[in-house]
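Student: Structure provided below as structure tokens; questions to follow.
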Amino acid sequence: MSIEPDVGGDLTHMDGLETVTLRQAGESAVATLSGALRRRLRYAEAEASGGRYQRGDVVWHVSTEQQASMPRLGSILTDAEGVHWTVLGVQRETLALRWRIVARSLIIAKGLDELITIQRARWTAGRGGDAQPAWHDWRCGLPARIQPQQAEIEVNEHRRQTRVTHKVFLAENIPLDENHRFKAADGSTYTIRRVERAARIDELTVVHVCRSSSGSTLT
Numbered sequence: 000m001s002i003e004p005d006v007g008g009d010l011t012h013m014d015g016l017e018t019v020t021l022r023q024a025g026e027s028a029v030a031t032l033s034g035a036l037r038r039r040l041r042y043a044e045a046e047a048s049g050g051r052y053q054r055g056d057v058v059w060h061v062s063t064e065q066q067a068s069m070p071r072l073g074s075i076l077t078d079a080e081g082v083h084w085t086v087l088g089v090q091r092e093t094l095a096l097r098w099r100i101v102a103r104s105l106i107i108a109k110g111l112d113e114l115i116t117i118q119r120a121r122w123t124a125g126r127g128g129d130a131q132p133a134w135h136d137w138r139c140g141l142p143a144r145i146q147p148q149q150a151e152i153e154v155n156e157h158r159r160q161t162r163v164t165h166k167v168f169l170a171e172n173i174p175l176d177e178n179h180r181f182k183a184a185d186g187s188t189y190t191i192r193r194v195e196r197a198a199r200i201d202e203l204t205v206v207h208v209c210r211s212s213s214g215s216t217l218t
């Protein structure tokens, strides 16, 4: 059994401290926190949580001097290597001098093995007066998993095209609409059809998309 070492209120003298960032759930602002300490979750606590916590989860210790307000459940803590950790539980400990944060990396737990870019459209009037999108990178390097679901063959102006339907799994709950699309590392683009918001903070957001293998834009 792995036991988490005792952590006192003063984190400044501990070994293995990291500088991390924290984005509170429902907010866009990001706070930089120096001197955060990472520890493995106690196995006994994982087993006693009724499945809420897993043995792959970690505990972060953050001084209340660095973060005055309690981190909200569902907030995102990003470590020094860029891995995102979703906050599942928070306690104030050691005479209210630090936060003890239980967090899970959905990127690791759910096997998000690809980096994608979210592009956003800027609409301009075309030659015929119709609005035409000009796509620009909006959010880059987001961990995701792109999972094929089904494929349909279409013939359009004597061109044979394959419309492929996929599910894209994201660790972050990002507002998406018809003004956004995904771009994979191989250059393929995906039109957003429907977004399923995760009902639980320890689950992924699922986005239903379509891709054209012929390189033409299908909407």
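The numbering of the sequence shown is numbering that gives the first Met the number 0, which starts it at 0 and goes up by one. Every residue gets a Cβ at the ideal spot worked out from N, C-alpha and C, and that includes glycine. Owing to the predicted nature of the structure, the values given are computational and were not obtained by experimental measurement.
Could you check what DSSP says for E195 in three-state terms: helix, strand or coil?
Tutor: Strand.
Student: Among the candidates Q146, I75, R121, whose CA atom is the shortest distance from the CA of I100?
Tutor: When only C-alpha atoms are compared, the closest one is I75.
Student: What does the Cβ neighbour count give for H135, buried or exposed, with the cut at 16 atoms within 10 Å?
Tutor: Counting Cβ neighbours within 10 Å, H135 comes out exposed, since fewer than 16 surround it.
Student: Can you give the Cα-Cα distance for S104 and D56, rounded to whole angstroms?
Tutor: Taking the straight line joining both Cα atoms gives about 7 Å.
Student: Please report the residue range of the alpha helix (DSSP H) in which A108 lies.
Tutor: Taken as a continuous stretch (DSSP letters only), the alpha helix (DSSP H) holding A108 covers 105-108.
Student: What does the alpha-carbon distance come out to for the pair G88 and L72?
Tutor: Rounded to the nearest angstrom, the two C-alpha atoms are 6 Å apart.
Student: Please report the Cβ distance between G170 and L111, rounded to the nearest whole angstrom; I am assuming they are in contact, meaning their Cβ atoms lie under 8 Å.
Tutor: According to the sequence as given, residue 170 is Ala; it is not Gly. Indeed, because the Cβ distance is near 6 Å, the residues count as touching under 8 Å.
Student: With distances taken from CA atoms, which of D78, V194, L16 is nearest H179?
Tutor: The shortest Cα separation from H179 among D78, V194, L16 belongs to V194.
Student: With R22 as the anchor, note down where its beta strand (DSSP E) starts and where it stops.
Tutor: From DSSP, the beta strand (DSSP E) with R22 extends over 16-22.
Student: DSSP three-state label for E113, please.
Tutor: Strand at E113.
Student: First and last residue of the beta strand (DSSP E) that includes I75?
Tutor: Per DSSP, I75 belongs to the beta strand (DSSP E) from 75-77.
Student: Among the residues of its own chain, which have a CB less than 6 Å from the CB of G15, if the five just before and after it don't count?
Tutor: Cβ neighbours of G15 beyond the five flanking positions: none.
Student: Quick check: the Cα distance between P70 and A35, rounded to an integer number of angstroms?
Tutor: If I take the Cα positions, the gap works out to 14 Å.
Student: With C-beta atoms as the reference, is T190 less than 8 Å away from K182?
Tutor: Result no, Cβ atoms of T190 and K182 do not sit closer than 8 Å.
Student: Please report the residue range of the beta strand (DSSP E) in which A228 lies.
Tutor: Summary: the structure shown does not reach residue 228, with the chain confined to residues 0 through 218, and so no result is reported for it.
Student: Report yes if the CB atom of I117 is closer than 8 Å to the CB atom of R138, and no otherwise.
Tutor: Yes, they are a contact pair.
Student: Using the Cα positions of L217 and R210, report the straight-line distance between them to the nearest angstrom.
Tutor: For L217, the pLDDT reaches just 34, beneath the cut-off of 50, and the residue's location in the model is therefore unreliable, although a value from the coordinates is still provided. Distance between the alpha carbons of L217 and R210: 7 Å.
Student: Who are the Cβ neighbours of K109 in its own chain at under 8 Å, not counting the five residues just before and after it?
Tutor: Closer than 8 Å at the Cβ level, and outside the excluded window around K109, lie R144, F168, A170, L203.
Student: By how many angstroms is the C-alpha of S33 removed from the C-alpha of A67?
Tutor: Spanning the two alpha carbons is a distance of roughly 13 Å.
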